[in-house]
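Each remark here refers to the structure printed beneath this line.
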Amino acid sequence: MIPFIDLKAQQKQIRSKIDNRIKKVLDHGQYILGPEVKELENKLAKFTGSKHVLCCSSGTDALLLALLGLKLQPGEGVIVPSFTFASSAEVMPLLGAIPIFIDVEADTFNLDPAKLEDTLQTGNQLGINVKGIMSVGLFGQPANMKPIKDFAAKNSLWVLDDAAQSFGGKYNNQTVGNLCEVTATSFFPAKPLGCYGDGGAIFTNNKEIYEIANSSHVHGMGNNRYEYDRIGMNARISTIQAAILLEKLEIFPDEINKRQKIADSYNQHLSKLNLNLKLPYLEKKFQSSWAQYTIILPSEVKRELLQENLKLRNIPTAVYYPIPLNEHKPYKHYPVSKAGLKVTYELSKNVLSLPMHPYLEEKDIVYITENIGEAIKSIS
Ligand SMILES: Cc1ncc(COP(=O)(O)O)c(C=O)c1O
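Per the working numbering, the sequence shown starts with residue -3, numbered consecutively.
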């Protein structure tokens, strides 16, 4: 089977460096908030240009810490795309707040800025005090931040960017992590920058947001170890994961370039098939970190049959996401934009993600794309 994501190939490049880093942690023994955590935060600040970086226990906790930093209160609303992973929305109800679902664009898979006005009105008409917008950089492509920020500024809303998948990407040459009030990312192993366990981080230029999140991630700690300023969590990153990330960050820019080349090659081979597949679309102002390479199948192609057929050819595929978030039981009662979620419903039926990682070889891409062509013909 061709690996969907090949973490072993990556590890091979840097195994001895990672071993050394882990050995250092074992030698100094500061497993919690050891020096590698600060070193990583400093390097990530440099990488993104963001003033404050706080590493934490996961991408989901990063979103939660960001919302705490933004002082989101019970009953307040946040606009969030319906075509995303559960974490983007689940952190709001955890704080007693209300996700208001907005549709995405078919071309980019990301929040559709043209639907913001209707979505805000939906919240207002329900009497919800809408406080912010959560943009999501799905599959690696950063959210279309300019119109989102313009709308937010006009309506006194904040923007929190869920960059779990788009970390390493750029928008108008600016690195993700420094595009809006707060950014959250995930270091889950399969993410573009992943560790060997769970991890995440938030990025902000706002000192107060950072300070609240920093305190919240250690039980709401005040100036002293056993003095508490607020209700908090235990959401620290482990020192060993920070040590691993320090080595992975070194090769990260090169890996993003490799992913771009792979995406280009996929585009080239798949467009030659003339099968009416919709390939990922990237305007010049976007640079994707290619967390996923996702195509849209023509509606007449039966996705499950195609997946089964490709599996027989040793090609794994995945569907992110088969059910719109608002359709899941815990989210069904939350409001949906009056502009509707047409694109989300279409995408959830027709998207298909193909193997993607920086070490995918050209011969594999040729094999995968030729077999997609043959498989589609054989099932139609
Ligand atoms: C869009 C998005 N947001 C948030 C998360 C949460 O990250 P984590 O798994 O590190 O909690 C993920 C992880 O899959 C994600 O894809």
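The beta-carbon is built from N, C-alpha and C at its ideal position, and this holds for glycine as well.
Cβ pair residue i, residue j closer than 8 Å
i    : j    : result
A98  : V74  : Note on identity: in this sequence residue 98 is Ile, with Ala being the wrong assignment. Result no, Cβ atoms of I98 and V74 do not sit closer than 8 Å.
I311 : N367 : yes
F282 : P138 : yes
G136 : A287 : yes
N151 : E177 : no
L36  : A238 : yes
P109 : F79  : no
P188 : S267 : no
P77  : L107 : yes
F184 : T44  : no
I236 : V21  : yes
G228 : H213 : yes
K13  : E243 : yes
L306 : T365 : no
Y167 : L156 : no
Y327 : A85  : yes
R299 : N253 : no
H48  : Y206 : yes
A209 : L29  : no
F0   : A314 : yes
L90  : L68  : no
Residue from the options with nearest C-alpha to residue i
i    : options                : result
A102 : E177, Y277, K325, Y317 : Y277
C52  : I319, L273, L241       : L241
T181 : N305, Q256, L64, V132  : V132
T340 : L350, K328, L321       : L321
A335 : M(-3), Q117, L350      : Q117
S295 : E304, L343, P185       : L343
E357 : D157, V347, I258       : I258
V332 : K244, D114, Q161, V21  : D114
G164 : G190, L156, K145       : G190
S234 : R11, R17, Y27, I18     : Y27
S83  : S46, M130, T104, G119  : M130
Y289 : K345, E323, E304, Q161 : Q161
L308 : I319, A186, E370       : E370
L273 : D194, K280, V297, E279 : V297
N140 : K280, A231, H24        : K280
E323 : P143, P31, F81, D15    : F81
Span of the beta strand (DSSP E), counted from its first residue to its last, around residue i
i    : result
S349 : 347 to 350
P77  : 72 to 77
Y289 : 289 to 292
M130 : 125 to 132
H48  : 48 to 52
F97  : 94 to 98
S212 : Not the beta strand (DSSP E): S212 falls in the alpha helix (DSSP H), residues 203 to 212.
F147 : Run containing F147: none in the beta strand (DSSP E); it sits in the alpha helix (DSSP H), 141 to 150.
S182 : 178 to 182
L403 : Given a span of -3 to 376 for the chain in the structure shown, any question on residue 403 remains unanswerable.
G196 : 196 to 200
Beta-carbon contacts of residue i that lie in its chain and below 8 Å, excluding the five residues immediately before and after
i    : result
L301 : I375
D225 : S211, G216, M217, G218
L245 : L36, K39, L40, F43, L189
K338 : D99
Q170 : G45
E204 : G65
I18  : I236, A239, I240
Cβ of residue i within 8 Å of any chain D Cβ
i    : result
K142 : Among the chains in the structure shown there is no chain D, since it carries only a single protein chain.
Residue range of the unbroken alpha helix (DSSP H) whose run includes residue i
i    : result
V21  : 3 to 24
V33  : 31 to 44
S261 : 235 to 267
D360 : 358 to 375
Beta-carbon proximity list for residue i, same chain, < 7 Å, skipping 5 on both sides
i     : result
V87   : T56, L59, L60, L63
M(-3) : N310, P312
D360  : I(-2)
L275  : N263, L266, S267, I291
K145  : V155, C176
V362  : H265
Q303  : T313
Proximal residues to residue i (C-beta, below 6 Å), its chain only, five neighbours per side dropped
i    : result
W154 : L66, G128, E177
D2   : H353, Y355
Y316 : S349
L271 : I372
A159 : G133, V172, T179, T181
R255 : W286, P354
*Evaluate contact between the stretch 63 to 79 and the stretch 120 to 129, counting only Cβ atoms and requiring at least three cross-stretch pairs below 8 Å.*
yes
*asked:* Count Cβ pairs between the stretch 48 to 63 and the stretch 256 to 264 that sit closer than 8 Å; are there 3 or more?
replied: no
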